[in-house]
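*Asks:* Chains X and Y are the protein sequences, given in the same order. Counting with the numbering used here, you get residues 70 to 304 for the letters of the first sequence. Counting with the numbering used here, you get residues 6 to 297 for the letters of the second sequence. For reference, the structure I am asking about is given below.
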Amino acid sequence: MLEVDGLTVSYGPVRALRGVSFAARPSTITAVLGANGAGKTTLLRAMTGLVRPQEGSVRFDDHELTGLPVEEVVRLGVAHVPEGRGVIDQLTVEENLRLGALWRKDKSDRKRALAETYDLFPPLAERRRRLGAALSGGERQMLAIGRALVSRPRVLLLDEPSLGLAPLVTAQLMALLAELTLLASLTVILVEQNARSALSVATWAVVINLGQVVVSDTAAAVGTDTGLRHHYLGF
Amino acid sequence: MSHFVNLSLNGISSGMIYASVALGLVLVWRATRIINFAQGSMAMFSTYMAVTLLDRNLGYWEAFAVALAVGLALGAVVERTLIRPLQGKPELNPVIVTFGLFILLEGVAGAIFGVRSRGVPAAFSQSGLTIGHHRVSFSHFDLFVLGSVLALMVLMLVLFRATDVGLRMRASAFAPEMSRLVGVRVGRVLTLGWALASLAGSLAGLLVAPRSAFSPNYMDLILVYAFTAAVVGGLESPVGALVGGLLTGLVLSFVGGYLGSSLEPLGAAVILILVLSARPEGLFSRPAARQV
Ligand SMILES: Nc1ncnc2c1ncn2[C@@H]1O[C@H](COP(=O)(O)OP(=O)(O)OP(=O)(O)O)[C@@H](O)[C@H]1O
Ligand SMILES: [Mg+2]
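So, in structure tokens, the structure goes:
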């Protein structure tokens, strides 16, 4: 169980989150939706400790994540694919991927996870020795997602993963996420601009507006509420 | 002609020493964006450990190993206790701290060991080798300098390029926040970087001692030349440190040999000015990565 409780984050005078609370049930996908500037990215960053909340807490199973250094949160099995640029430009594709799994003890499984990621994203396999700086936008996104997956996370925080990916690749990714929640009991928090596609794969949905939770319900309920859709989701 | 050859050989030998100290400067710069003004005096400190042990009749190689270990530990301790607390503080602080450490170490060494210079035994003969019928000014000790610094460089290169630890070190140097986000304990990596940098300095300290007027400030000028070498090499690249070291060593050897040894420090200044005005990013920095 992943629980966010009363999270408040300010950037100087700017309040980005005001008392956000929700719980993500294990082995499900929770979509986090909202307009530009609603606070979605800030929410994910506060969950891994990249920004420090002024108030509130984040708990994962028996662990209090609030206040832990980022790297220790990640080592508990919480992987975070940040918005946009997560790839380390000066390292090769393979080095970026290896880095994702480096903290895990099981070396042979690290190799296996690497091979699985190459199967999942064939363009990466063809560009193993290429520097991160020399990838296209979509390839960078694949690499950032692949690097999170090789760590075999228990919680996966995705910030607009479909950005820059071809529709077919996005569809494959969504199908994979659904599969991983079932087979690997992965819990996914999916931040998406494309509400329709996120709701089609998510079980739960949280809608954020101006740093506050507007609705937290099943994806089906949110997707069929025309008022909500018109007001906050733009479809 | 033979004067030229001898000067070249001397240049290579001292260049390897500058390269070793420059490697230390580069490792610290890459990891923490700090110029470690205490790099030379830390090496002085570990070398005094070796010399003290030699005075008490410990074997040469045992003392050598102890000095390297002291160097490694000193680097780690300095990072943990002095550098770590500076994170997120204004830029000037690290300068003040490493410069302060430089003064402190030399002061303490002077108080304990005295400031008068003394001799230090060398591991190998320092008299020139005879090649064919010619005696050149390149000794067994010079060979040892060449071999040991090269060995260190190769080991470091293997560490960086072919091990998990090296991957963590490179990732942390390039993108610390992103590295944390994939579970790298960046703090430990920085400690290791400082330790390895100090180790490289210690090796140089041991190599310089037998051919210098050994006293608490015997590494000062070496640090200036090593800084020149590191800047020539671009401050970012270990290979750059090696090439920068050799280049600086050769040029200074020619300056000293043809124009007079008192002009060597001026030669270093000229190299610095030339490089900084022609290629401020150094001769060996990579082209800037694409910024997205
Ligand atoms: N580093 C920062 N400094 C100051 N204000 C910030 C910073 N990052 C975000 N903000 C502000 O906080 C609010 C929430 O930003 P956030 O990035 O979390 O939104 P978002 O929901 O992810 O938007 P988008 O869909 O555009 O990615 C915005 O008003 C934004 O301007
Ligand atoms: Mg965002």
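In this text, a Cβ means the ideal position worked out from N, Cα and C, and glycines have one as well.
1. Would you kindly report the start and end of the unbroken alpha helix (DSSP H) that includes Glu195(X)?
2. Between the segment 237-257 of chain X and the segment 167-183 of chain X, do at least 3 Cβ pairs fall closer than 8 Å?
3. Would you call the segment 34-44 of chain Y and the segment 60-72 of chain Y touching, i.e. three or more CB-CB distances under 8 Å?
4. With a threshold of 9 Å between beta-carbons, can His149(X) be considered close to chain Y, or not?
5. Does Asn165(X) come out as helix, strand or coil in the three-state DSSP assignment?
6. Near ligand 1, which residues have their beta-carbon less than 5 Å from any of its heavy atoms, given in chain order?
7. Does DSSP put His300(X) in a helix, a strand or coil?
8. Could you name the residues of the segment 165-178 of chain Y whose beta carbon sits closer than 7 Å to any beta carbon of chain X, in the order they occur along the chain?
9. Considering just the uninterrupted stretch of the alpha helix (DSSP H) at Phe69(Y), what are its terminal residues?
10. Quick check on the burial criterion: 16 or more other C-beta atoms within 10 angstroms. Buried or exposed for Gly16(Y)?
11. What residues from chain Y crowd round Glu140(X), counting only those whose CB sits closer than 9 Å?
12. Which partner residues does Asn278(X) have in the DSSP bridge list?
13. Bridge partners for Val224(X) per DSSP, in chain order?
14. Going by other Cβ atoms of all chains shown within 10 Å of its Cβ, with 16 needed for buried, is Ile157(X) buried or exposed?
15. Taking 9 Å as the CB-CB cut-off, is Trp172(X) touching chain Y?
16. Taking the beta carbon of Glu111(Y) as the centre, do at least 16 other beta carbons fall within 10 Å, making it buried, or is it exposed?
17. Kindly list, in the order they appear in chain Y, the residues whose Cβ is closer than 8 Å to that of Thr117(X).
18. Over what stretch of residues does the beta strand (DSSP E) that includes Leu71(X) continue unbroken?
19. Leaving out the 5 sequence neighbours to the left and right, which residues in its chain are closer than 6 Å to Leu32(Y) when beta-carbon positions are compared?
20. How many angstroms separate the CA atom of Pro95(X) from the CA atom of Pro95(Y)?
21. Put Thr272(X) into one of helix, strand or coil per three-state DSSP.
22. If the criterion is Cβ atoms closer than 9 Å, does the pair Leu279(X) and Ala107(X) meet it?
23. Which of the residues in the segment 166-198 of chain X, read from start to end, lie with their CB under 7 Å from any CB of chain Y?
24. Kindly indicate which residue of Val113(Y), Val244(Y), Gly76(Y) and Ala167(Y) has the alpha-carbon position closest to the one of Ala209(Y).
25. So, with DSSP's three-state summary, where would you put Val83(X)?
26. Examine the Cβ distances between the segment 204-224 of chain X and the segment 232-239 of chain X and report whether three or more of them are shorter than 8 Å.
27. Once you ignore the five residues that flank Phe259(Y) on each side, which residues in its own chain have a CB closer than 6 Å to its CB?
28. Check whether the segment 177-195 of chain X touches the segment 131-143 of chain X, counting contact only when three or more Cβ pairs, one atom from each stretch, lie closer than 8 Å.
29. Please name the residue or residues paired with Arg140(Y) in a DSSP beta bridge.
30. Report buried or exposed for Glu67(Y), applying the criterion of at least 16 other Cβ atoms within 10 angstroms of its Cβ.
31. With distances taken from CA atoms, which of Val270(X), Asp130(X) and Val291(X) is nearest Leu251(X)?
32. Taking 8 Å as the threshold, find out whether the segment 97-105 of chain X comes into contact with the segment 118-130 of chain X through three or more Cβ pairs.
33. Residues in the same chain with beta-carbon distance under 6 Å from Ala134(X), minus the five sequence neighbours each way, listed in chain order, please.
34. Across which residues does DSSP place Ala93(X) in a beta bridge pair?
35. Compare the C-alpha of Ala289(X) against each of Gln281(X), Gly303(X) and Ala264(X) and name the closest.
36. So, helix, strand or coil for Arg128(X), using DSSP?
*Replies:* On the basis of the coordinates in this document:
1. First-last of the alpha helix (DSSP H) with Glu195(X): Pro191 to Glu195.
2. With a cut-off of 8 Å, the segment 167-183 of chain X and the segment 237-257 of chain X do not count as touching, because too few Cβ pairs lie within range.
3. Counting Cβ pairs under 8 Å, fewer than three are found: no touch.
4. Closer than 9 Å to some Cβ of chain Y, the Cβ of His149(X) qualifies, so yes.
5. Look at Asn165(X) here: in three-state DSSP terms it is helix.
6. Matched residues: Tyr80(X), Val83(X), Ala85(X), Asn105(X), Gly106(X), Ala107(X), Gly108(X), Lys109(X), Thr110(X) and Thr111(X).
7. Judged by DSSP in its simplified three-state form, His300(X) adopts helix.
8. Within the segment 165-178 of chain Y, the residues whose Cβ lies closer than 7 Å to some Cβ of chain X are Asp169, Leu172, Arg173, Arg175 and Ala176, listed in chain order.
9. For Phe69(Y), the uninterrupted alpha helix (DSSP H) run begins and ends at Tyr65 to Val83, by DSSP.
10. It counts as buried.
11. Per Cβ cutoff of 9 Å: Ser184, Arg185, Leu186, Val187, Gly188, Val189, Arg190, Val191 and Gly192.
12. In the DSSP output, where bridge partners are listed per residue, Asn278(X) has Gln281(X).
13. Paired residue(s): Val147(X) and Thr256(X).
14. The C-beta of Ile157(X) has 16 or more other C-beta atoms within 10 Å across all chains shown, which makes the residue buried.
15. Taking Cβ atoms only, chain Y reaches closer than 9 Å to Trp172(X), which makes this a yes.
16. Buried.
17. Against chain Y, the beta carbon of Thr117(X) has neighbours under 8 Å at Leu186, listed in chain order.
18. Residues Leu71 to Tyr80.
19. Exclusion of the five residues before and after Leu32(Y) leaves Gly198, Leu201 and Ala202 as the residues of its chain whose Cβ lies within less than 6 Å of its Cβ.
20. Rounded to the nearest angstrom, the two C-alpha atoms are 44 Å apart.
21. Three-state result, Thr272(X): coil.
22. Less than 9 Å separates the beta-carbon of Leu279(X) from that of Ala107(X).
23. For the segment 166-198 of chain X, which is checked against every Cβ of chain Y, the residues closer than 7 Å are Arg167, Leu168, Gly169, Leu171 and Trp172.
24. Nearest C-alpha to Ala209(Y): Gly76(Y).
25. Strand, per DSSP.
26. Yes, the segment 204-224 of chain X touches the segment 232-239 of chain X.
27. Taken in chain order, the residues that qualify are Leu12.
28. The answer is no - the segment 131-143 of chain X does not touch the segment 177-195 of chain X, with fewer than three Cβ pairs under 8 Å.
29. Arg140(Y) pairs with Thr135(Y).
30. Exposed, by the Cβ-count rule.
31. The residue among Val270(X), Asp130(X) and Val291(X) with its C-alpha nearest the C-alpha of Leu251(X) is Val270(X).
32. Taking a cut-off of 8 Å for Cβ pairs, the segment 97-105 of chain X and the segment 118-130 of chain X do not touch, as fewer than three such pairs fall below it.
33. A small correction: the amino acid at residue 134(X) is Leu; Ala does not occupy that position in the sequence shown. These residues qualify, in order along the chain: Val127 and Val142.
34. The partner list for Ala93(X) (beta bridge, DSSP) reads Leu71(X).
35. If we check each option's Cα against that of Ala289(X), Ala264(X) comes out closest.
36. Secondary structure at Arg128(X): strand, using DSSP grouped into helix, strand and coil.
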